[in-house]
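Heads up: the structure comes next, in structure tokens.
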Amino acid sequence: MSAPLVVAVDGGNSKTHVVLADVDGAVLAQVRGPASSPHLLGVPKAIALLDDLIHRVRAAAGLSPDHAVARAEIYLAGADLPVEVATLMAAVGPRGWAAEHRVDNDALAMLRAGTDAADAIAVVCGAGINCAGRSANGATARFPALGVITGDWGGGQHLATLALYHAARGEDGRGPATTLSAAVAAHFALPTVEQVGIALHLGELAAERIHDLTPLLFAAAAAGDEVAARVVDRQAAEIVALVRVAADRLGLREQPVDVVLGGGVLTARHPALHEPVVAGITEVAPAARIDLLRDPPVTGAVLLGLDALHAAEAAKTALRHALRQDGPS
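Sequential numbering from 254 applies to the sequence shown in the working numbering.
Spelled out as structure tokens, the structure:
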């Protein structure tokens, strides 16, 4: 009998990573695709996209149509509320991807990828921002992460929009002068930020290109631009606040706890962000062990499947090693 298989998905706001592995930790195939968040696509389109990617990963592994998969582990940005998870669970079931399936938020996959510790908190700051934590007594800490309406602030998309906002106001005089004005205009090869805004409004520039501005914000902050620095400082404060509240809920403020920092904004390790984040977390949770995510988040999705199948620790180590070369995507 062949080893039981796990198909695992890390589906984010910008990309999706699917891995097929066996219970011994061997990676049989992996594929990548575009964003699969149900918040962006709606549930039917998100499930259809995942169905295509899962069929592709099966084909890449050379599985026959009747080759059964033991578990499907699906972790998505946008699976934020229990009702959303239940809706997605119900939508996944009829697809027949595996004998058993689980759907949950992508922050949980990142948490599992980041550490084996029972007491742990993960903050993801990529396109969006979220936080999840767990403790050895089985308690969990989560946030709705629905954006401004649930008190959230930051993430790459928000930061990029703020870079454009401050660039426009710095240019026309409504806000303080900032080097972002010249940097944003130059990035889009247009004479002024006002023309950038008009081109975006008319569809002459794709709205998705706004997201390219996040690195400009960090570069400006690193060069001493006060406007950019204030935005980055606010992002750092928000990340620290998430850790503080999660640690409070879990009773871990004074206890040793792993804090994993993931998502492209954090793993880029911009000094203007990384240093105040580390200092702030150390202040609110003095015994915290802080580390950047080293493995791709999909590693956590596979590991959660291996946990459920009671795989050997050697298999989990092998799985980490097999996927680590991809880095923390």
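Even glycine gets a Cβ: it sits at the ideal position worked out from N, Cα and C.
Remember, it's a predicted structure, so these values are computed and weren't measured experimentally.
Nearest by alpha-carbon distance to L417: which of E566, G379, V484 and I463 is it? Your numbering for residue 417 matches position 164 in the sequence shown. Closest option to L417, Cα to Cα, is I463.
Taking just the CA atoms, how far does A312 sit from V493? Taking the first residue of the sequence shown as position 1, residue 493 is located at position 240. Taking the first residue of the sequence shown as position 1, residue 312 is located at position 59. If you take the alpha carbons of V493 and A312, they lie about 43 Å apart.
Could you give the distance in angstroms between the alpha-carbon of A430 and the alpha-carbon of I534? By one-based count along the sequence shown, residue 430 stands at place 177. By one-based count along the sequence shown, residue 534 stands at place 281. In a straight line, the C-alpha of A430 is about 32 Å away from that of I534.
Sheet register partners of G386 (DSSP bridge): One-based indexing of the sequence shown puts residue 386 at position 133. Answer by DSSP bridge pairing, in chain order: I374 and A394.
Report buried or exposed for R627, applying the criterion of at least 16 other Cβ atoms within 10 angstroms of its Cβ. Since the first residue shown for the chain is 254 and the last is 582, residue 627 is missing from the structure and cannot be characterised.
Are L470 and H440 closer than 8 Å when you measure CB to CB? The residue labelled residue 470 in the question sits at position 217 within the sequence shown. The residue labelled residue 440 in the question sits at position 187 within the sequence shown. No, the pair does not count as a contact, with Cβ atoms beyond the cut-off.
Once DSSP output is grouped into helix, strand and coil, what is the label at A459? Here residue 459 refers to the residue found at position 206 of the sequence shown. It is coil, neither helix nor strand.
Look up R285 in the DSSP assignment and say whether it is helix, strand or coil. Taking the first residue of the sequence shown as 1, we reach residue 285 at position 32. The answer is strand: DSSP assigns R285 an E or B state.
Quick one: Cα of A568 to Cα of D275, how far? For the purposes of this step, residue 568 is taken as the residue at position 315 of the sequence shown. For the purposes of this step, residue 275 is taken as the residue at position 22 of the sequence shown. C-alpha separation (whole angstroms): 9 Å.
When you compare the CB positions of L526 and V485, do they come within less than 8 Å of one another, or not? Taking the first residue of the sequence shown as 1, we reach residue 526 at position 273. Taking the first residue of the sequence shown as 1, we reach residue 485 at position 232. Contact flag set, yes.
So who's on the other strand from N358, going by DSSP bridges? Mapped onto the sequence shown, residue 358 falls at position 105. DSSP lists L329 as partners of N358.
Suppose only complete runs of 4+ residues qualify. What are the alpha helix (DSSP H) ranges in the region 527-580, listed by chain order? 551-561 and 566-577
Evaluate the contact criterion for the region 285-299 versus the region 325-336: three or more CB pairs, one atom per stretch, below 8 Å. yes
Residue interval of the beta strand (DSSP E) (run including L263): Indexing the sequence shown from 1 puts residue 263 at position 10. First, the residue type needs correcting, since residue 263 is Asp and not Leu in the sequence shown. Here the beta strand (DSSP E) through D263 covers L258 to G264.
Status (buried if at least 16 other CB within 10 Å, exposed otherwise) for R427: Taking the first residue of the sequence shown as position 1, residue 427 is located at position 174. Under this definition R427 is an exposed residue.
Check this for me: beta carbons of V537 and R497, under 8 Å apart or not? On the sequence shown, position 284 is the one that residue 537 refers to. On the sequence shown, position 244 is the one that residue 497 refers to. Yes, the Cβ-Cβ distance between V537 and R497 is below 8 Å.
DSSP state of H270 mapped onto helix, strand, coil: Here the question's residue 270 lines up with position 17 in the sequence shown. If DSSP states are grouped into helix, strand and coil, H270 belongs with the strands.
Should G516 and A362 be called a contact, given that it needs their Cβ atoms to be closer than 8 Å? The residue you call residue 516 lines up with position 263 of the sequence shown. The residue you call residue 362 lines up with position 109 of the sequence shown. No, they are not a contact pair.
Candidates E461, V437, V356 and A389, of which the one nearest T340 by Cα: Looking up residue 340 in the sequence shown gives position 87. Ranking the options by Cα distance to T340, first place goes to V356.
Span of the alpha helix (DSSP H) holding V485? Stepping through the sequence shown from its first residue, residue 485 is reached at position 232. First-last of the alpha helix (DSSP H) with V485: E479 to L503.
Segment limits, beta strand (DSSP E) that includes D511: As a first step, residue 511 is located in the sequence shown; it is residue number 258 there, counting from the start. Segment V510 to G515, the beta strand (DSSP E) holding D511.
Less than 8 Å separating the beta-carbons of I374 and A490? As a working mapping, residue 374 is identified with position 121 in the sequence shown. As a working mapping, residue 490 is identified with position 237 in the sequence shown. No, these two residues do not count as a Cβ contact at 8 Å.
Below 8 Å, can you find three or more Cβ-Cβ pairs linking the region 381-401 to the region 345-352? no
Name the DSSP bridge partner or partners of E353? The sequence position of residue 353 within the sequence shown is 100, counting from 1. For E353, which the question treats as bridged, DSSP gives the partners R324.
Terminal residues of the continuous alpha helix (DSSP H) containing T340? Here the question's residue 340 lines up with position 87 in the sequence shown. It spans P335 to V345 - the alpha helix (DSSP H) in which T340 sits, taken as one unbroken run.
Proximity of L412 and A473 at Cβ, strictly below 8 Å: Your numbering for residue 412 matches position 159 in the sequence shown. Your numbering for residue 473 matches position 220 in the sequence shown. Cβ distance not < 8 Å, so L412 and A473 don't count as in contact.
Only counting the same chain, and skipping five residues up and downstream in sequence, which positions put a Cβ closer than 7 Å to that of C378? By 1-based counting over the sequence shown, the position of residue 378 is 125. The answer, listed in chain order, is G407, G408, I492, G516, V518 and L519.
Could you compute how far the alpha carbon of A380 sits from the alpha carbon of S317? The sequence position of residue 380 within the sequence shown is 127, counting from 1. The sequence position of residue 317 within the sequence shown is 64, counting from 1. Between A380 and S317, the C-alpha separation is close to 36 Å.
Quick check: the Cα distance between A571 and A561, rounded to an integer number of angstroms? Translated into positions along the sequence shown, residue 571 becomes position 318. Translated into positions along the sequence shown, residue 561 becomes position 308. C-alpha separation (whole angstroms): 17 Å.
Sequence-distant residues of the same chain with beta carbon closer than 6 Å to H292, five excluded per side: For the purposes of this step, residue 292 is identified with residue 39 of the sequence shown, where counting begins at 1. Hits under 6 Å: G331.
For the alpha helix (DSSP H) containing H308, name the first residue and the last one. If you number the sequence shown from 1, residue 308 lands on position 55. Residues V296 to A314.
Give the single residue among S255, A261, G286 and H270 whose Cα lies nearest to the Cα of D277. As a position in the sequence shown, residue 277 is number 24, starting the count at 1. It is S255 whose Cα lies nearest to the Cα of D277.
Does the beta-carbon of G264 have 16 or more other beta-carbons within 10 angstroms, so that it is buried, or is it exposed? As a working mapping, residue 264 is identified with position 11 in the sequence shown. Buried: at least 16 other Cβ atoms inside 10 Å.
May I ask which residues mark the beginning and end of the alpha helix (DSSP H) holding D425? Along the sequence shown, read from residue 1 onward, the residue named residue 425 stands at position 172. D425 -> alpha helix (DSSP H) spans G409 to D425.
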